[in-house]
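Notes follow the structure.
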Amino acid sequence: MPPMQRVLELPRQHSLNLPAVLNPFVHDLKLTRAEKIKCFLLGIILVPLRAIFLLLVLMVMWPVAVAITFHQPLKGAVEPMTGWRRFLRQRVMTFLGRLYYFGMGFRVVVKGKQASSAEAPILAVAPHSSFFDAIVSIEAGLPSTVSRIESLDAPVFGRFLRCVQPVLVLRTDPDSRRNTVLEIERRAKSGGHWPQVLLFPEGTCTNRSCLITFKQGAFIPGVPVQPVVIKYPNKLDTITWTWQGPKMAKLLLLTLCQLYTTVEIEFLPPWIPTEAEKKCPTKFAQSVRAVMAKSLALPVTDHTYEDCRLMIAAGELTLPMETGLVEFTKISMKLKLKWDNLKKELETFANMACSCKGGRITIEEFASFLKIPISPPLKELFSLFDRDGDGTIDFREYVIGVTVLCRPANTEEVIQTAFMLFDIDQDNRITQEEFSGLLRSALGVCDLDVHSLFNEIDADGSGHITYDEFCTFALTHPEYAKLFTTYIELQRYQALQSEESEYNGFFHCPRRDDPQESSTSEKKDD
912 MPPMQRVLEL PRQHSLNLPA VLNPFVHDLK LTRAEKIKCF LLGIILVPLR
962 AIFLLLVLMV MWPVAVAITF HQPLKGAVEP MTGWRRFLRQ RVMTFLGRLY
1012 YFGMGFRVVV KGKQASSAEA PILAVAPHSS FFDAIVSIEA GLPSTVSRIE
1062 SLDAPVFGRF LRCVQPVLVL RTDPDSRRNT VLEIERRAKS GGHWPQVLLF
1112 PEGTCTNRSC LITFKQGAFI PGVPVQPVVI KYPNKLDTIT WTWQGPKMAK
1162 LLLLTLCQLY TTVEIEFLPP WIPTEAEKKC PTKFAQSVRA VMAKSLALPV
1212 TDHTYEDCRL MIAAGELTLP METGLVEFTK ISMKLKLKWD NLKKELETFA
1262 NMACSCKGGR ITIEEFASFL KIPISPPLKE LFSLFDRDGD GTIDFREYVI
1312 GVTVLCRPAN TEEVIQTAFM LFDIDQDNRI TQEEFSGLLR SALGVCDLDV
1362 HSLFNEIDAD GSGHITYDEF CTFALTHPEY AKLFTTYIEL QRYQALQSEE
1412 SEYNGFFHCP RRDDPQESST SEKKDD
């Protein structure tokens, strides 16, 4: 009779389940043959006409922008524009901005009522999906924005940006983030003295399939925030500008080739924070995001800009870019991981998945990386990593597995116990014979070749492994600790099954009508 196999039930934390949208940073724009012909025919007429019209508008906007910003400081004790400067900015530049977007073929539909600066000092706009989203600023009367200081040097448009007196971000300054938040707070709490501050709290562009994590900058001041949602209900999406998708120039050209492009801007009622939300910007941001998601009928996810950085890192490691998507906000908070930690885990995962084209590793690649054959302990460890049970491990599953399963098992006690088991003659060092002998027994493989693994642990090449070498290797390779504890658990389980069989055989005489007893399930929770 074959030995009874352990039945694993793997309850999972629902909070670590996959998000509703796996990749909000991809836009796959594919034009049909008919759409290409239509774009070409319209383009040869519309693009030249629109280019001339836009150039004429810019020629009018430029001197107005120069007049508005003449002798106007950008740094230091900056005060809001008043008098004729404010009139030119809010009336003339807004009109010319609308004329510019009209020239590009935009048909704007505005819903709701914009609150005053005193009622809602901050406008939070989402979803942020394109460079065309600047149209919200124009429809809102050119409120202040947050911008990198380098953007002011852009030809022509840098001068236009100066007109809105942006809150400037200097990324080379280590105190830039704190100074930016303080300046936003100063303007937001001016009692209507400053114009509203318009922010895109997502911090990066998505494909509008969900709302990702809102950054806290708009919510730290603890003042009322007016949510503003933006939609592009067009049959052909030439707007979306994401990390994976068409370049800016292509999207601009395709948009100019459309007869018109519809954009809907809706001002939702201002959200007045509770006392709890004033003390907790994260909670405040979540409440505002929930209201906007409900209005848009979109799900929310915990992706953020750091996921985009991991996507770039994955691409540099020759992995598919979407491999780096882990919902950074959720993973970092629940597993206490920083971006640098995840970057290192991604490099380890890339070494493991070097022969994998889809960014997912199989049990064969898992065994090859660990330099051991496929065995019951390895299969069980692999199943613990494989959260969705599809027979492969992606980077997100790997990070959760290493952090939740392997690192807690990698204690000093476990390392000492493992070393003592390998050190058969108790001389405080492990020879290759001792090392291979225990592994053959543990993995049930007679012709096991552990030469490469032994040499990797034997850092000084002395021909034997000291405790310090063993400990150093174990601390940097936590997968082996969980593999070892899994082996111990299997040994205990088999011993218990053997004792139970002997007990039942001695005290119980089986009858034909007795139902078979189901084996006990051990639960593992990650």
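Basically my numbering = 1-based index in the sequence shown + 911.
Where is the CB? At the ideal position from N, CA and C, for every residue including glycine.
Can you check which of these residues, the options, is closest to residue i by C-alpha distance?
i: C950; options: C1168, V1136, T1056, A1099; result: C1168
i: K1245; options: M1263, T1172, G1312; result: G1312
i: T1153; options: F1130, S1120, E1177, P1132; result: S1120
i: L1079; options: V989, G1008, K1100, G1102; result: V989
i: V1325; options: P1132, F1395, V1020; result: F1395
i: T1149; options: M1222, L940, H1375, A1045; result: L940
i: Q1076; options: T993, K1142, D1379, R944; result: T993
i: R1098; options: E1113, F1111, I1131, R1082; result: I1131
i: P1054; options: R997, T980, L1289; result: R997
i: A1224; options: G1052, K1255, I1335; result: K1255
i: I1141; options: D1299, A1045, Q1155; result: A1045
i: P1181; options: Q1107, F1381, T1151, T1314; result: Q1107
i: H982; options: R1073, L1228, T1328, N1090; result: R1073
i: M1203; options: H1039, T980, K1100; result: H1039
i: I1335; options: E1345, P1288, Q1327; result: E1345
Could you check if residue i is buried or exposed, using at least 16 other CB atoms within 10 Å of its CB as the buried criterion?
i: Q1258; result: With the sequence shown as reference, residue 1258 is identified as Glu, and Gln is not the correct amino acid for it. Label assigned to E1258: exposed.
i: M976; result: Per the sequence shown, residue 976 should be read as Ala rather than Met. Classification of A976: buried, given that the 10 Å Cβ count is 16 or more.
i: T1117; result: buried
i: S1363; result: exposed
i: M1159; result: exposed
i: S1373; result: exposed
i: L1295; result: buried
i: M1331; result: exposed
i: P1017; result: According to the sequence as given, residue 1017 is Phe; it is not Pro. When all chains shown are included, F1017 counts as buried.
i: P914; result: In this predicted model, P914 has a pLDDT of only 44, less than 50, meaning its place in the structure is not dependable enough to derive any value.
i: L960; result: exposed
Return the chain-ordered list of same chain residues with a C-beta closer than 6 Å to the C-beta of residue i, the five sequence neighbours on each side being excluded.
i: S891; result: In the structure as shown, the chain begins at 912 and stops at 1437. Residue 891 is therefore absent and cannot be evaluated.
i: G1103; result: S1028, A1029
i: D1305; result: R1271
i: F1277; result: F1293
i: P1157; result: L940
i: W1105; result: P991, R1098
i: R1059; result: V1080
i: K1189; result: G1133
i: V1019; result: V1174
i: I1376; result: I1341, I1368, D1369
Which residues in the same chain have their Cβ closer than 8 Å to the Cβ of residue i, if we skip the five residues on either side of it in sequence?
i: G1069; result: S1062, L1063
i: V958; result: L1164, L1167, C1168
i: P1184; result: F1130, G1133, V1134, P1135, V1136, F1195, S1198
i: W1250; result: E1217, R1220, L1221, F1239, S1243
i: L965; result: Y1011, G1014, M1015
i: A962; result: L1167
i: A1065; result: L1072
i: V1237; result: D1218, L1221, L1253, F1306, R1307, V1310
Taking Cβ positions only, does residue i come closer than 7 Å to chain C?
i: P1389; result: Absent here is chain C; the protein component of the structure consists of one chain.
If you measure from the CB of residue i, is any heavy atom of the ligand PLP nearer than 6 Å?
i: L1209; result: The ligand content of the structure shown is nil, which means the ligand PLP is not present either.
Beta-carbon within less than 7 Å of residue i's beta-carbon, same chain only, minus the 5 sequence neighbours each way: which residues are those?
i: V968; result: L1007, L1010, Y1011, G1014
i: R1200; result: L1122, F1125, V1211
Quick check: the region 948-962 against the region 1162-1180, are at least 3 beta-carbon pairs closer than 8 Å? yes
Using 8 Å as the cut-off, can you tell me whether the region 1127-1141 makes contact with the region 1026-1034, which would need three or more C-beta pairs spanning the two stretches below that distance? yes
Taking 8 Å as the cut-off, does the region 1124-1132 touch the region 1183-1199 (at least 3 CB pairs, one atom from each stretch)? yes
Okay, do the region 1085-1098 and the region 998-1010 touch, 3+ Cβ pairs below 8 Å being the bar? no
Hey, is the region 933-945 in contact with the region 1227-1240, meaning 3+ C-beta pairs nearer than 8 Å? yes
If you scan the region 1101-1149 from start to end, which runs of the beta strand (DSSP E) of 3 or more residues do you find wholly inside it? 1108-1110, 1136-1142
Does the region 1019-1027 touch the region 1175-1187, meaning 3 or more C-beta pairs lie closer than 8 Å? yes
Alpha helix (DSSP H) segments (min. 4 residues) lying fully within the region 1170-1212: 1186-1190, 1192-1207
Extract the residue ranges of the beta strand (DSSP E) inside the region 964-1026, only unbroken runs of 3 or more that lie entirely within it. 1017-1023
Beta strand (DSSP E) runs contained entirely in the region 1042-1112, provided each spans 3 or more residues: 1057-1059, 1078-1080, 1108-1110
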